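Student: Take the sequence shown: its position 416, counted from the start at 1, is 520 in the numbering used here, and no numbers get skipped.
Think of the CB as a built atom: it goes at the ideal place given N, C-alpha and C, for glycine as much as any other residue.
On a predicted model such as this, the values are computed, not experimentally measured, just so you know.
Following this message is one structure expressed as C-alpha cells.
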Amino acid sequence: MADETNNRRVEPFVMVIFGASGDLARRKLLPAIFRLWQQGLLGEAFDVVGFARSEMADETFRQGLMESITDSSLLERETIDQAAWEAFASHLHYHRGDYGSQADYKALARKVNSLGGPDQEANCLFYLATPPGAFETVISHLNQAGLARRGQHSPWSRLVIEKPFGHDLNSAQQLNAAALGAFEEGQVFRIDHYLGKETVQNILVLRFANSVFEHLWGHDYVDHVQITVSESLGVGSRGSYYDQAGALRDMVQNHMMHLLSLVAMEPPISLTAQAIRNEKEKVLRSLRPIPPACAANGVVRGQYTTGVLAGKSLAGYRSTPNVRADSGTETFVAFKAYIDNWRWASVPFYLRTGKCLPRRCTEISIHFKDVPQVLFNKPPAGPLQANVLAIRVQPEEGISLEFQAKAPGPAMNIQPLRMDFDYEKSFGATPPDAYERLLLDAAMGDATLFTRSDEVLAAWRFVMPIISGCSQARAENLHEYPAGSWGPAAAEELIRADGREWHLR
Ligand code: BG6
C-alpha cells in the first residue's frame, strides 16, 4: 500500500459508471475523479462513460455533473476554472441503457472500445453505483457482452462494487458467486469508503511504524477498546433503503468491522493486499460468536424519536419518508465483542454507532490497564485515570494520548493531561475525500484498501446471529432515544455494568 503506491502511473482506461445519474455518482464519484484529474493523477488518457436508463445527450450529462460538482462538499464553485472544466468535460460521455438489455451492453462495448483507440480494446473499470438489486444483472450482462475479460492480463477489466455486499450471508454469497463467476478475485474491488480515509490507513502506520505501541497492544496492557461511530444526521432521504438495513447492516457489518480488524490484527508479513487482508480476515474469524439468544439481551438496539440538536427540533425516525410507521429498524446499536485469540484474550471491545447523536465523530480508543494501587494510584491521589490512546478518525482527525502529570507546586497533585496530534496542524491540510484514494487505487489495480470476498463473508457470519437474535426479540429489544442524545440509557448500562464509561460523551 502506501510505500508501493508512490510514483505509480495509471494506464489509460475507461471508467464505466452504472447508475451514473444517481446520488453517489454525482456527489462522490465524479467530484473525486475531477479532483484526481486536477492533481494530474489520471493523466489525459482516461474517459468516463455514464450508463443509466434516462435518455440524455453527452452535453446534458456534463452540465448536470458540473452543477453537482460545484455543489458538492469537495469543491467550492470558485475553485473551478472554466477552461479546466471544459478540458475535463471532454473526457465525459453518456450511454443510455437498460441494465437488463444485452443489446445495450453490446453497444456499450463498441463505445468503450472506440474510446480505447483504433484496433484495440480499452482497459475498463466498471463501477456498480446502481441500487444493489441490479448488481448481479449488470455483472452477468458484462460477462455475456465479453466485457468482463477474466484474468489480470492487459487490456484489463475490473469491477468496483459499492456496499451493501448483500443483505445477509446468503445474498452476499450469491453476489460473490456472481462476481467471481465473471471476474477473478483480483479483479473485484469491493469499496468500503472507510478504508479510504487517511486516518484509517494511519492505524497501520501508528501500530507498525512506531516501536512504542505494539508491545503494549494486547491483553497484558490493554483493559478494553472502544469504537464509536457517531453521526449527528438522521436517515434523511434514504428511508426506503435504511428501513430494510438498520445500523447493524449499514455500519457494523462493514465500516466497524474494518476498524476493528485493523486495530486488532497481527503484523502482516508485508504490505501487499494479500498479506494485510489475510490478517484482517483472521481477526473476523476469531470474533466470539454472539448467539441469537444472547443478542436479545447483550446487544442494545435503539431508534431515535423526536428531539433537539443544536437548538433545532428533529423529527423521529418513524416520520422519515419511506419508513414504516411501526418500523422496528435500529438506528443505534451498542454491544460488546471478544476476539478469541492469544493477543486479545478476555479484552472487551465495545462498539457503538448511531444516527441523530449529539455530534459527528468516529473514534477508536485504546484504554490501558490501571497502574497498581501502590504509590500514586491510591487515596488521596487515586484512583487515577488510566491511559487512553484515542484515534480520532473524523472529524478533527488526529490522535491523542491521555496520561497523568504532576501539577506544579509543593503538593503531589496529579492531573490528567492530553498530548495531541492534529492532522491539519501537522500537515497543513485536512485529509482528502476517501473516494479519491479508492478510485485511484482501483484504476491502478491495488486492492489493499478494498474488501476481499472472505472478509465480507466472515463479517456477515459474525453479524447474522445478532441480526436474527434481535429480530426475534424485536419489540422488547428496541429502545427509544431522543434525537440529539447519546442513545438509549441501556447503552450506558451496558458498559457501566463492567465498571467502565464511554470515552466519547
Ligand atoms: C454509509 C452509510 O456507508 O456511511 C451511511 O450507508 C453513513 O448511513 C455513512 O451515514 C457514514 O460515512 P461517513 O464517511 O460520513 O462517516
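Given that a residue counts as buried once 16 or more other Cβ atoms are within 10 Å of its Cβ, and exposed if not, what is T332?
Tutor: Buried.
Student: Thinking just about the alpha-carbon of each residue, which of N274, R353, L418 is nearest to the one in D296?
Tutor: Checking every option, the nearest Cα to that of D296 belongs to R353.
Student: How many angstroms separate the CA atom of A379 from the CA atom of T410?
Tutor: Going by the C-alpha atoms only, they are around 47 Å apart.
Student: Would you call the CB atoms of C460 and G573 closer than 7 Å?
Tutor: Contact flag unset, no.
Student: If we count the other Cβ atoms within 10 Å of its Cβ and call it buried at 16 or more, is H257 buried or exposed?
Tutor: Exposed: under 16 other Cβ atoms inside 10 Å.
Student: Between D354 and ligand 1, is the CB less than 6 Å from at least one heavy atom?
Tutor: D354: yes, Cβ under 6 Å from ligand 1.
Student: Report the residue ranges of all alpha helix (DSSP H) runs contained in full by the region 127-174; include only those spanning at least 4 residues, in chain order.
Tutor: 134-142, all fully within the region 127-174.
Student: What is the C-beta distance between A438 and R456, in whole angstroms, given that I count them as a contact (C-beta under 8 Å)?
Tutor: Their Cβ separation, rounded to whole angstroms, is 4 Å, which keeps A438 and R456 in contact under 8 Å.
Student: Enumerate in chain order the residues of its own chain whose CB-to-CB distance from E182 is below 6 Å, with the five nearest sequence positions on each side excluded.
Tutor: Since pLDDT at E182 reaches only 47, below the 50 mark, its modelled position is unreliable, and no value is offered.
Student: Check for me: the alpha helix (DSSP H) holding T457 runs from which residue to which?
Tutor: Looking at the DSSP string, T457 is not in any alpha helix (DSSP H); the run it does join, the beta strand (DSSP E), is 452-458.
Student: Taking the alpha-carbon of D524 as reference, which of L505, W446, P512 has the nearest alpha-carbon?
Tutor: The option with the nearest alpha carbon to D524 is L505.
Student: In its own chain, which residues sit with a C-beta less than 6 Å from the C-beta of R522, not counting the 5 before and 5 after it?
Tutor: So the qualifying residues of the chain are S504, E506.
Student: Buried or exposed: which applies to W606, given that a residue is buried once 16 or more other Cβ atoms fall within 10 Å of its Cβ?
Tutor: With 16 or more other Cβ atoms within 10 Å, it is buried.
Student: Count the other CB atoms within 10 Å of the CB of D185; is the residue buried (16 or more) or exposed (fewer)?
Tutor: Looking at its Cβ environment, which holds fewer than 16 other Cβ atoms inside 10 Å, D185 is exposed.
Student: Just checking, does the region 274-294 make contact with the region 545-558 on the three C-beta pairs under 8 Å criterion?
Tutor: A contact exists between the region 274-294 and the region 545-558.
Student: So the candidates are S365, A546, H359, D327; which of them puts its Cα closest to the Cα of I470?
Tutor: Ranking the options by Cα distance to I470, first place goes to D327.
Student: For the candidate residues F436, F230, G126, whose alpha-carbon lies nearest to that of R405?
Tutor: If we check each option's Cα against that of R405, F436 comes out closest.
Student: List the residues that DSSP assigns as beta-bridge partners of R405.
Tutor: According to DSSP, R405 bridges with V437, L582.
Student: Confirm, please, whether the CB-CB distance from F453 to V567 is below 7 Å.
Tutor: Taking 7 Å as the Cβ cut-off, V567 and F453 do not qualify as a contacting pair.
Student: At the level of alpha carbons, what is the spacing between C398 and K267?
Tutor: Their backbone Cα atoms lie some 28 Å apart in a straight line.
Student: Measure the CB-CB distance between E370 and E385 and report whether it falls below 7 Å.
Tutor: Against a cut-off of 7 Å, the Cβ pair of E385 and E370 comes out as no contact.
Student: Do A136 and D537 have their C-beta atoms closer together than 7 Å?
Tutor: Against a cut-off of 7 Å, the Cβ pair of D537 and A136 comes out as a contact.
Student: Do you know offhand how far Y209's Cα is from L133's?
Tutor: Y209 and L133: Cα-Cα distance of roughly 22 Å.
Student: I'd like the span of the alpha helix (DSSP H) that includes S572, first residue to last.
Tutor: Element bounds for S572: 557-576.
Student: Am I right that V497 and K301 are in contact with their C-beta atoms under 8 Å? What's the rounded C-beta distance?
Tutor: With a Cβ gap of about 6 Å, V497 and K301 count as contacting.
Student: The beta strand (DSSP E) with A65 in it runs from where to where?
Tutor: This structure gives no information on residue 65, because the portion of the chain shown stretches from 105 to 609.
Student: Under the rule that 16 or more other beta-carbon atoms within 10 Å means buried, what is E159, buried or exposed?
Tutor: Exposed: under 16 other Cβ atoms inside 10 Å.
Student: Taking 6 Å as the limit between beta carbons, can you name the residues of its chain near N249, skipping five residues before and five after?
Tutor: According to the sequence displayed, residue 249 carries Ala and not Asn. Contacts found: Y209, K210, A213.
Student: Please identify the residue among G350, F155, G237, M355 whose C-alpha is closest to the C-alpha of S431.
Tutor: Checking every option, the nearest Cα to that of S431 belongs to G350.
Student: On the criterion of 16 or more Cβ atoms from any shown chain inside 10 Å, does I394 qualify as buried, or is it exposed?
Tutor: By the 10 Å Cβ count, I394 comes out buried.
Student: Rounded to whole angstroms, what's the CA-CA distance from F230 to F239? Just pull it up for me.
Tutor: Taking the straight line from one Cα to the other gives about 11 Å.
Student: Distance check for A494 and E596, CA to CA, integer angstroms please.
Tutor: Roughly 19 Å between the two C-alpha positions.
Student: Going by C-alpha distance, which of W321, E318, S336 is nearest P499?
Tutor: Ranking W321, E318, S336 by Cα distance to P499 puts S336 first.
Student: If you reduce the DSSP assignment to three classes, tell me which class A494 lands in.
Tutor: If DSSP states are grouped into helix, strand and coil, A494 belongs with the strands.
Student: Given A318, which residues of its chain have a CB within under 8 Å of its CB, disregarding the five upstream and five downstream residues?
Tutor: The sequence given here has Glu at residue 318, not Ala. Answer for E318: R311, F312, P371, listed in chain order.
Student: Have a look at F138, R131, R200, R139 and flag the residue whose alpha-carbon is nearest the alpha-carbon of T164.
Tutor: If we check each option's Cα against that of T164, R200 comes out closest.
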